[in-house]
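Whatever position you read off the sequence shown (first residue = 1), add 679 for the numbering used here. Quick reminder that beta carbons are idealized off the backbone N, C-alpha and C, glycines included. If you're wondering where the values come from, they're calculated on a predicted model, not measured in any experiment. Here's the structure, in structure tokens; my notes come after.
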Amino acid sequence: MVCGSAWAKKAPSLAAWKAKFDPSGAKYRCIVSNVSHPVIKGVYAGFAIRDELWKRTNGQIYFDFKPFSMLGGEVEVLNQLQMGAIQGMGCSSVAATNLGPRFGLINLPFLINSFDKLDRFVNSGKLFDHFMMAMDHQGIMGLDITGYGNYGWATTIPVRTIADAKKVKFRIAEAAVNKLSYKAWGLTAVVMPWPDVPVALKQGVITGLDHTPIVCNITKKFEVAKYYTQLNYAQGLFIWIFNKAWFNSLPADLQKIFKATVHDVCANIREQTRKQEKDQIANAKSKGIKFFKLSNDEMVLLKKQAD
């Protein structure tokens, strides 16, 4: 969902995020994947969990975090997780529906479409707990979420109206909810794994992205798609999921520490993400990226069509 083969081919360096400890003595190793760039706060959470978990377990658990699509695209990595080849994943909410359809709830247009609504959802108790168990039947447990901001359209032409949007070929994620939304809106959507996006965008195979300002700016999509329409129709999330069999193999005391660490780090990162979105929008504007909003009437129409 959020970065790709362009990074994988360059063998991205993790030097900037290298652990300040020697993990070789750890009793337990947890390999955790993410497709995107750790400058995104919601991705960096993986390194923050690594360091805090090492500290809280006195070096017993090494959370071996691998961002940048180092282990592949999300659908294939989900299969690795289910089989137990890896132990965890910071999975995008759009890709997570492939093994846990209930996770698609978060992608429904205009339902949980602000940071405040997201906070209320996370603190809803039984409702959020039920949501996080969406992959339980697959042998995968969900613990918590971090985010990457509000969804809109990054495009190669200015999109001020729905009529403008109908001229765009939008890349959307590999998720049923997204396909249904774009069909309801009458827009052209191309389902494409995130690693394929950079080349497709440069070659004009797609002329727009269904994504967030944080991701588009940090992963340099704004270098090609220089316009952004702020719809704020959904929150982009990374859902931190883990192989249940592996987790259950940990001693009870370490299970408790593991859960608490993930929850504490994710709560802190969600707060940082609010600020990051504002900062990234300001940074993009300073580089000449133009931001637009649809009229109130057209936003009402999009909401009605998506019901």
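Supposed contact pair residue j and residue i - C-beta distance, whole angstroms, cut 8 Å
i, j, result
"N922", "L760", "6 Å"
"G826", "T952", "5 Å"
"N792", "N829", "7 Å"
"K900", "L888", "6 Å"
"F917", "V722", "7 Å"
"I948", "K720", "5 Å"
"K845", "G865", "7 Å"
"G769", "V711", "7 Å"
"A727", "V944", "5 Å"
"D843", "I851", "Actually they are not in contact, since the Cβ atoms of D843 and I851 sit about 18 Å apart, beyond 8 Å."
"L790", "F810", "Their Cβ separation, rounded to whole angstroms, is 12 Å, which puts L790 and F810 out of contact at 8 Å."
"F849", "V869", "7 Å"
Residues of its chain near residue i, where Cβ-Cβ distance is below 8 Å and the 5 sequence neighbours each way are ignored
i, result
"M814", "A775, L778, G779, F782, M820, G821 and I920"
"C895", "A833, L888, F901, A904, Y907 and A963"
"I765", "I710, V711, S712, L750, V756, Q759 and N922"
"E731", "T940, D943 and V944"
Own chain partners of residue i with C-beta closer than 6 Å, once the 5 adjacent residues on each side are dropped
i, result
"V801", "F807"
"I841", "E977"
"S860", "P788 and A985"
"R735", "I936 and T940"
"V847", "T834, T886 and G887"
"Q959", "P892, I893 and N896"
"A687", "Its pLDDT being 39, under 50, A687 is placed unreliably by the model, and the measurement read from it follows with that caveat. The residues are S748."
Straight-line Cα distance separating residue j from residue i
i, j, result
"T886", "T834", "6 Å"
"K881", "T898", "14 Å"
"E729", "P702", "The sequence given here places Arg at residue 729; Glu does not occur at that position. Those two C-alpha atoms are separated by around 10 Å."
"N857", "T891", "14 Å"
"G725", "A854", "24 Å"
"S748", "S771", "12 Å"
"L929", "D795", "35 Å"
"F700", "I893", "30 Å"
"G683", "K966", "Per-residue confidence for G683 stands at a pLDDT of 42, beneath the threshold of 50, marking its modelled position as unreliable; no derived number is given."
"A946", "E956", "16 Å"
"W1041", "E950", "Residue 1041 is absent from the model: the chain starts at 680 and stops at 986."
"Y912", "G831", "7 Å"
"A961", "D932", "44 Å"
"K805", "P691", "40 Å"
"P872", "Q934", "33 Å"
"L980", "A698", "49 Å"
"L693", "I968", "29 Å"
"T867", "V838", "14 Å"
"H816", "K954", "36 Å"
"F970", "K982", "20 Å"
"R799", "N786", "16 Å"
"S715", "S803", "28 Å"
Own chain, CB closer than 7 Å to residue i, minus 5 neighbours either side, in chain order
i, result
"A705", "G738, Q739, I740 and Y741"
"A685", "Caution is warranted here: a pLDDT of 38 is assigned to A685, below 50, making its placement in the model unreliable, and the coordinate value is therefore given only provisionally. The answer, listed in chain order, is P877."
"R708", "Y741 and D743"
"W696", "P717 and F726"
"G763", "N922, A924 and W925"
"L797", "I791, G826 and Q914"
"A863", "Q984 and A985"
"D823", "W919, V941, H942 and C945"
"M812", "G821"
Closer than 6 Å: residue i CB and nearest the ligand ZN heavy atom
i, result
"A863", "The model depicted lacks the ligand ZN and carries no ligand whatsoever."
Residue-chain proximity (residue i, chain B), Cβ-Cβ < 7 Å
i, result
"T940", "In the displayed structure, chain B is absent; only one protein chain is listed."
Handout entry: Segment contact flag, the segment 738-754 with the segment 974-983, C-beta cutoff 8 Å, min 3 pairs
Key = no
Exercise for the section: Write down every uninterrupted run of the beta strand (DSSP E) in the segment 853-921 whose length is 3 residues or greater and which is fully enclosed by it, in chain order. Expected result: 867-870, 887-890 and 906-908
Practice task
For the segment 936-946 and the segment 866-883, state whether three or more C-beta atom pairs, one from each stretch, are separated by less than 8 Å.
Solution key: no
Handout entry: Segments of 3+ residues assigned as beta strand (DSSP E) that fall wholly inside the segment 803-862
Key = 819-829, 831-834 and 848-851
Practice task
Jot down the residue ranges of each uninterrupted beta strand (DSSP E) in the segment 714-754, minimum 3 residues, whole runs only, in chain order.
Solution key: 740-745
Problem - 3-residue-minimum beta strand (DSSP E) runs that sit fully inside the segment 923-984, ordered along the chain - result: 969-971
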